[in-house]
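Presented below is the structure to which this report refers.
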């Protein structure tokens with residue numbers, strides 16, 4: 001008499017013999033926030049905290065958050081000396097809920113070659129954090145400025161997004177008076193931005209931060225009003241007589 005094997009037995013034997021493909025762990029993340037930080041405001045810290053929380057929700061492990069202040073020879077406007085901007089960043093970081101993984105990276109500010117393009121700074125960071133995936137975090141105004149080929153060389157932008165991903169946090173009121181929708185529409189028209197946007201290397205979050213600019217913070221400090229900077233930073237500015245001259249002398 002022919003014995004017909006139990007189909008359930010066959011199923012479970014096949015299932016037991018099937019090799020499960022191992023899930024490759026995703027690399028840890030280093031978040032980098034670049035800017036003049038002249039001075040650092042509450043919005044700068046909120047920007048990074050929002051990006052961290054979003055990536056953590058996506059099950060990413062963020063091991064380091066770096067603030068990279070611009071070199072004193074920044075070509076677009078005059079800045080307070082980096083020694084002060086770095087000191088203010090350290091004070092602001094100390095009050096963040098993420099202070100335990102935050103630090104100030106002075107590689108850009110102390111570069112002996114002077115001001116460097118963003119991609120060059122990122123290349124240096126990638127050499128130091130070989131095992132990590134680097135995300136730059138910025139406001140929508142960065143993406144808006146990258147749409148302007150007079151401000152950002154398209155070749156440099158393309159090179160930048162070949163190295164890193166970007167987490168873009170919208171600002172209340174848009175970017176430079178331009179709505180988020182218009183910025184995204186412009187991004188889609190430019191191949192050097194559309195490609196990383198379509199492939200998920202430019203991530204735009206839903207949550208926005210308040211429109212607190214460093215320029216507005218300096219004006220408030222001159223008037224001795226406002227709380228755009230954390231208390232310790234405001235006190236440092238007063239103690240060191242920063243931003244006390246009229247705007248034409250800054």
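Numbering (UniProt numbering), first residue to last: 1 to 250.
Every residue gets a Cβ at the ideal spot worked out from N, C-alpha and C, and that includes glycine.
All figures in this text were calculated on a predicted structure; none of them were measured in a lab.
Spatial distance of residue i from residue j (CA atoms)
i: residue 241; j: residue 42; result: 20 Å
i: residue 111; j: residue 39; result: 20 Å
i: residue 238; j: residue 76; result: 25 Å
i: residue 46; j: residue 205; result: 13 Å
i: residue 62; j: residue 53; result: 10 Å
i: residue 86; j: residue 74; result: 15 Å
i: residue 113; j: residue 96; result: 32 Å
i: residue 107; j: residue 229; result: 24 Å
i: residue 153; j: residue 147; result: 10 Å
i: residue 151; j: residue 144; result: 10 Å
i: residue 168; j: residue 159; result: 18 Å
i: residue 190; j: residue 139; result: 19 Å
i: residue 89; j: residue 120; result: 22 Å
Residue i burial status per 10 Å Cβ neighbour count (16 or more: buried)
i: residue 94; result: exposed
i: residue 236; result: buried
i: residue 57; result: exposed
i: residue 128; result: exposed
i: residue 82; result: buried
i: residue 171; result: buried
i: residue 162; result: exposed
i: residue 118; result: buried
i: residue 200; result: exposed
i: residue 149; result: exposed
i: residue 231; result: exposed
i: residue 244; result: exposed
i: residue 212; result: Confidence at residue 212 is low in this model, with a pLDDT of 49, below 50, so its placement is unreliable and the value that follows should be read with caution. Buried: at least 16 other Cβ atoms inside 10 Å.
i: residue 252; result: Any question about residue 252 goes unanswered here, given that the chain covers just 1 to 250.
i: residue 44; result: buried
Proximity test, Cβ basis, 9 Å: residue i and chain C
i: residue 143; result: Among the protein chains of the structure shown there is no chain C, as only one such chain exists.
Assumed close pair residue i, residue j - CB separation to whole angstroms, cut-off 8 Å
i: residue 202; j: residue 166; result: 5 Å
i: residue 36; j: residue 79; result: 6 Å
i: residue 115; j: residue 157; result: Between residue 157 and residue 115 the Cβ distance is about 17 Å, and since that is not below 8 Å, they are no contact.
Residue closest to residue i, alpha-carbon to alpha-carbon, out of the options
i: residue 98; options: 194, 200, 66 and 81; result: 66
i: residue 234; options: 92, 113 and 44; result: 92
i: residue 30; options: 106, 119 and 132; result: 132
i: residue 59; options: 90, 37 and 26; result: 26
i: residue 28; options: 151, 179, 190 and 130; result: 130
i: residue 51; options: 142, 190, 180 and 137; result: 137
i: residue 104; options: 123, 134, 115 and 64; result: 64
i: residue 208; options: 194, 188, 141 and 195; result: 141
Taking the runs of the alpha helix (DSSP H) that are 4 residues or longer, which of them lie wholly in the region 78-112? List check, alpha helix (DSSP H) in window: 82-94.
Only counting runs of 4 or more residues, tell me where the alpha helix (DSSP H) segments fall wholly within the region 152-214, in order along the chain. Counting only runs of at least 4 residues, the region 152-214 fully encloses the following alpha helix (DSSP H) elements, listed from N- to C-terminal order: 154-163, 180-189 and 191-198.
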